[in-house]
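A quick write-up on the structure given underneath.
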Amino acid sequence: MDSFEPDGNGTNVQNGANGDHGSNVENGATGENGANGSAAEHALPPPPPVIPPDVVPLRAEIAPEPVKKKNLRLPIARRGLGTKGQKIPLLTNHFKVNVTNSNKEEHFFHYSVLVTYEDGRPLDGKGAGRRIIDRVHETYNSELGGKDFAYDGEKSLFTVGSLPRNKLEFSVVLEDTPSNRNNGSINADGEGSPNESDRKRLRRPGRTKTFNVEISYAAKIPMKAIGEALRGQESENSQEALRVLDIILRQHASKQGCLLVRQSFFHNDPKSFVDVGGGVLGCRGFHSSFRTTQGGLSLNIDVSTTMIIQPGPVVDFLISSQNVRDPFSLDWTKAKRTLKNLRVKTSPTNLEYKITGLSERPCKEQLFTLRNKIAKDGEDGEIEVTVYDYFVNHRNIPLRYSGDLPCINVGKPKRPTYIPLELCELVSLQRYTKALSTLQRSSLVEKSRQKPQERMSILSNALKINNYDGEPMLRACGVSIGNSFTQVDGRVLPAPKLKVGNGDDFFPRNGRWNFNNKKLVKPTKIERWVVVNFSARCDLKALVRDLIKCGDMKGIAIDPPFDVFEENPQSRRAPPMVRVERIFEDIQSKLPGQPQFILCLLPERKNSALYGPWKRKNLAEYGIVTQCIAPTRVNDQYLTNVLLKINAKLGGLNSLLAVEFSPSIPVVSKAPTIILGMDVSHGSPGQSDIPSIAAVVSSRHWPLISRYRASVRTQSPKVEMIDSLFKRVSDTEDDGIMRELLLDFYTSSGKRKPDQIIIFRDGVSESQFNQVLNIELDQIIEACKFLDESWCPKFVVIIAQKNHHTKFFQPQSPDNVPPGTIIDNRICHPKNNDFYLCAQAGMIGTTRPTHYHVLLDDVGFSADDLQELVHSLSYVYQRSTTAISVVAPICYAHLAATQMSQFVKFEDASETSSSHGGTTSAGAVPVPQLPRLKENVANSMFFC
5 MDSFEPDGNG
15 TNVQNGANGD
25 HGSNVENGAT
35 GENGANGSAA
45 EHALPPPPPV
55 IPPDVVPLRA
65 EIAPEPVKKK
75 NLRLPIARRG
85 LGTKGQKIPL
95 LTNHFKVNVT
105 NSNKEEHFFH
115 YSVLVTYEDG
125 RPLDGKGAGR
135 RIIDRVHETY
145 NSELGGKDFA
155 YDGEKSLFTV
165 GSLPRNKLEF
175 SVVLEDTPSN
185 RNNGSINADG
195 EGSPNESDRK
205 RLRRPGRTKT
215 FNVEISYAAK
225 IPMKAIGEAL
235 RGQESENSQE
245 ALRVLDIILR
255 QHASKQGCLL
265 VRQSFFHNDP
275 KSFVDVGGGV
285 LGCRGFHSSF
295 RTTQGGLSLN
305 IDVSTTMIIQ
315 PGPVVDFLIS
325 SQNVRDPFSL
335 DWTKAKRTLK
345 NLRVKTSPTN
355 LEYKITGLSE
365 RPCKEQLFTL
375 RNKIAKDGED
385 GEIEVTVYDY
395 FVNHRNIPLR
405 YSGDLPCINV
415 GKPKRPTYIP
425 LELCELVSLQ
435 RYTKALSTLQ
445 RSSLVEKSRQ
455 KPQERMSILS
465 NALKINNYDG
475 EPMLRACGVS
485 IGNSFTQVDG
495 RVLPAPKLKV
505 GNGDDFFPRN
515 GRWNFNNKKL
525 VKPTKIERWV
535 VVNFSARCDL
545 KALVRDLIKC
555 GDMKGIAIDP
565 PFDVFEENPQ
575 SRRAPPMVRV
585 ERIFEDIQSK
595 LPGQPQFILC
605 LLPERKNSAL
615 YGPWKRKNLA
625 EYGIVTQCIA
635 PTRVNDQYLT
645 NVLLKINAKL
655 GGLNSLLAVE
665 FSPSIPVVSK
675 APTIILGMDV
685 SHGSPGQSDI
695 PSIAAVVSSR
705 HWPLISRYRA
715 SVRTQSPKVE
725 MIDSLFKRVS
735 DTEDDGIMRE
745 LLLDFYTSSG
755 KRKPDQIIIF
765 RDGVSESQFN
775 QVLNIELDQI
785 IEACKFLDES
795 WCPKFVVIIA
805 QKNHHTKFFQ
815 PQSPDNVPPG
825 TIIDNRICHP
835 KNNDFYLCAQ
845 AGMIGTTRPT
855 HYHVLLDDVG
865 FSADDLQELV
875 HSLSYVYQRS
885 TTAISVVAPI
895 CYAHLAATQM
905 SQFVKFEDAS
915 ETSSSHGGTT
925 SAGAVPVPQL
935 PRLKENVANS
945 MFFC
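Positions 5 to 948 (my numbering) are the ones given, in order, by the sequence shown.
Below, the structure is given as structure tokens:
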């Protein structure tokens, strides 16, 4: 096909393909069985009369008529279960849900809730709603017919059976006192000076507020929908009924004073806290959600962790956060950003406030106006005093160290309320949502991992502690939860045979293999190369000597390096970009031509500021393959791992599947097949303005499935659907990701177009499956049609989920499940085609399986063939000698996105933690684009 040549612009679809696997609509015609021929032409109505020039025809009313509504694709049903592999009995953390039949005719009633202040303003901020609704329930129990509620904390409330009336209005008064956990407390106004609020406290023990609550009928959900879910019959009603059950569990946890994070809850128990440094704690809690499965309805309970701010004295938190010795070394500008919106409890009053800022002057100098209650006639009724003087002399509260430090402001911008630092303690269970540093992350992993048996006993205890049988709402629904782990049948798939150098076969054992006394299957030759050292302390001569020697043993012929470039010590304090520029100037002045490869030594192992600028310079500006290392302990294993990455980047292969070599992969080897891995990486939760990075990798050199290349683009922040798969810039030009990848497959696979396109998509939730099938897949089909209008490849779409809470255990064994364990029965979806796979050997903690959902399969794979393909793709990852937990194309997409995101250091505007919303009011900002890679490295595995 000429249109598939890289320089050909290709045929384009006219005025929009309908994207339904090859059938395209031209100029809005229906295109049904070609029924737009001459017979139709003769049946046309006569031409309309001439319209006067001042009349605008209303074409909009009739234009949509001939356009047929596009059929939305839905996830396919399961076609059968797999049979291959050795059977293994397993337990899983799903607990059976039973429902008594007595309530079959009963309904859940859904009511919408509106809470307003006395003056009619809607309630601002989350959290207060639960306390208000609890007070309504206590105060107006008889008006509510004695009904128990399930309240979602915001605008929905559910009851079993109806309330006495369809619309109810109440008024409740709440004191501003701390709640049991304080997630639900109302922030004090904090108006006026300390004296004014002090006088208010003297007048009454707690300031009160009045709220109006309106409860109005919205819908009803038949209770029998739970029974339908129990029998695996999913419907809109059953989804809604399960949502109600989940809300009941959340409310149950809330009443125990827990912090709620989506479907997880966290008790205020210091035994569950682990310090990860920087004023941040990991807080261990539990996830719980109802799931419809092949075996009926189950409750999935798992251990969950969230990050919280270190509770206790504010000053201790700031010292930890900034890693300084004492409060006098703190950076107060930074502290102000970190503390904003956090909640503190003040002593001795034990009242709770939200921090709005810090005082501009220290406590001993910060003045405010105090009303003089004992002023005589003629004397001024107001006096200026310092905050320090007020607390020490007027309130008789001694202050040890706050005098020379700023005060905490808990008031409003124009009416500040200052409290000395040492009288403020951060309340517990306040979420920290910034990205963790590398050190914090590794500390959290180290401290929160649990062996399988330990996790099982924690989950069994959680079920007892939560006492769901005592929850009145569950009893009212007739729902009870079993207390034993669900038994499932797993199968252990055999590891695929690998090919290494000299045509040798190799059988991985326990998901692992090595290259001791073996050569790589396709080693490269490293000729023109140099070493660059950015001030890393290392014996360079020994490193180069050992690398050459190790390469020789693996079959990689490495010439001595052309030169070693040491960074000038005076450059070390320069900005990273400048340091990189200077080294490159040095290289250019001494080398006759461009090197094939640069080995770069960085001073820091993780998060080196040099990494992004260095990679950008090499890949985007010069097209040079580079490997960064930060050697600490250099041994044969370390050097082998480095060489695996270098070999893959330079176009070599470390190992192959034996079925690739033959080639005899079921289905894939029979027809040209491209395998895609797609992923979108977002900034951390607190960063709302950092572009998301979309990466797609594609296989090349069919019939191989071990070689890949990547295409990476930026898109709007926090957008999960990839929007640049097809990017039409003119009638003959498409600048999208897919065109680039399809042309590469064509040229690298002997000028063959793929007949089959297998897509692995990472990072989407079940609610987004239809968008992948109907938005992303449509773009891919459009990109195919734009290259060749008559081309109709078959598609397979598979979602890979790691972020779920299903775990598997071997009964009576302390070990994790063996690598290759697959489960497609009992706890999978009742209708859809999904399965769990633990491809990796779980060495530490409890193995997390990957949950694969097959949304579409035009090719018609058998269950065994598809499951074996997915399993095999966990063994083609060129960076390591182990089976990995998710298919290699997805890992590569993640690596490519992470590496190229370093090219452009997007500024992180927000400094803090938990309570920042992070949304910008300025509206949509144009997304900065990533630089394109030079052609010679764009087709390489630069991300390895």
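Where is the CB? At the ideal position from N, CA and C, for every residue including glycine.
Since the structure is predicted, the reported quantities are computational estimates derived from the model, not experimental observations.
Looking at Val671: is its Cβ nearer than 9 Å to the Cβ of Leu654? no
Compare the Cα-Cα distances from Leu249 to each of Ala222, Leu303, Tyr221 and report the closest residue. Leu303
Beta-carbon contacts of Leu85 that lie in its chain and below 7 Å, excluding the five residues immediately before and after: Asp828, Asn829, Ala867
Gly174 - partner residues in DSSP beta bridges: It is worth fixing the name first, because residue 174 is Phe in this sequence and not Gly. Paired residues: Val217.
Which runs of the beta strand (DSSP E) at least 3 residues long sit entirely within the segment 644 to 708? Give them in chain order. 677 to 685, 696 to 703
Nearest-angstrom Cα separation, counted from Thr825 out to Leu777: Those two C-alpha atoms are separated by around 28 Å.
By DSSP, does Ile591 sit in helix, in strand, or in coil? helix
Please confirm if Arg830 has its CB atom under 9 Å from at least one CB of chain B. Checking the listed chains, one finds no chain B in this structure; it contains a single protein chain.
Glu786 and Arg852 closer than 9 Å at C-beta: no
Just the C-alpha distance for Ile587 and Arg83, rounded to the nearest angstrom, thanks. The straight-line gap from Cα to Cα measures roughly 59 Å.
How would you label Ser944, buried or exposed, when you count the other beta carbons within 10 angstroms and need 16 or more for buried? The residue in question, Ser944, is buried, as its Cβ has 16 or more Cβ neighbours within 10 Å.
On a Cα-Cα basis, can you pick out the residue from Pro424, Ala233, Arg375, Leu660 that is closest to Tyr350? It is worth fixing the name first, because residue 350 is Thr in this sequence and not Tyr. The option with the nearest alpha carbon to Thr350 is Pro424.
For a test of the three-state rule: what should DSSP assign to Ser441, helix, strand or coil? coil
State yes or no: is the C-beta of Val584 within less than 9 Å of the C-beta of Pro617? yes
Along the chain, where does the beta strand (DSSP E) containing Leu899 start, and where does it finish? Here Leu899 belongs to no beta strand (DSSP E); instead the alpha helix (DSSP H) covers 892 to 905.
Who does Trp533 pair with in a DSSP beta bridge? Phe601
Return the chain-ordered list of same chain residues with a C-beta closer than 7 Å to the C-beta of Val941, the five sequence neighbours on each side being excluded. Leu623, Gly627, Val629
I need the straight-line Cα distance from Phe946 to Pro695, nearest angstrom please. 22 Å
How would you label Leu661, buried or exposed, when you count the other beta carbons within 10 angstroms and need 16 or more for buried? Leu661 comes out buried.
Using a Cβ-Cβ cutoff of less than 6 Å, which residues in the same chain neighbour Ile485 once the five nearest sequence positions on both sides are dropped? Phe99, Val101, Leu303, Tyr472
Opposite Cys428 in the DSSP bridges: which residues? Thr350
Report yes if the CB atom of Ile894 is closer than 9 Å to the CB atom of Gly555, and no otherwise. no
Looking at the strands, I want to know which residues DSSP matches up with Asn954. No information on residue 954 is available, as it lies outside the stretch 5 to 948 that the chain covers here.
Taking Cβ to Cβ, would you say Ser220 is nearer than 9 Å to Asn170? yes
Whether or not the segment 223 to 233 and the segment 128 to 148 are in contact is what I'm after, with contact meaning three or more pairs of Cβ atoms, one per stretch, closer than 8 Å; do they touch? With the cut-off at 8 Å, the segment 128 to 148 and the segment 223 to 233 do not touch.
Using the three-state DSSP reduction, which class does Asn943 fall into: helix, strand or coil? coil
Quick test of the definition: if touching needs 3 or more C-beta pairs under 8 Å, does the segment 342 to 357 touch the segment 412 to 431? Cβ pair count under 8 Å is three or more, so yes.
Kindly identify the DSSP beta-bridge partner or partners of Lys526. Leu657
Less than 9 Å between the beta carbons of Pro79 and Asn807, yes or no? Not a contact, by the Cβ cut-off of 9 Å.
Please say whether Val723 and Ala714 have beta carbons closer to each other than 9 Å? no
Sufficient close CB pairs (3 or more, under 8 Å) joining the segment 516 to 529 to the segment 334 to 344: no
Ranges of the alpha helix (DSSP H) found wholly within the segment 284 to 349, counting only runs of at least 4: Counting only runs of 4+ residues, the alpha helix (DSSP H) found wholly inside the segment 284 to 349 occupies 318 to 326, 336 to 343, in chain order.
Cβ shell of Asn506 (< 7 Å), same chain only, five flanking positions each side left out: Lys523
Of the residues Ile633, Thr87, Ile763, Gly165, the one placed nearest Leu729, counting alpha carbons only: Checked all of Ile633, Thr87, Ile763, Gly165; the closest Cα to Leu729 is Ile763.
Would you kindly check if the distance between the Cβ of Glu179 and the Cβ of Thr212 is under 9 Å? yes
Just to confirm, is the Cβ distance from Asn216 to Phe153 under 9 Å? no
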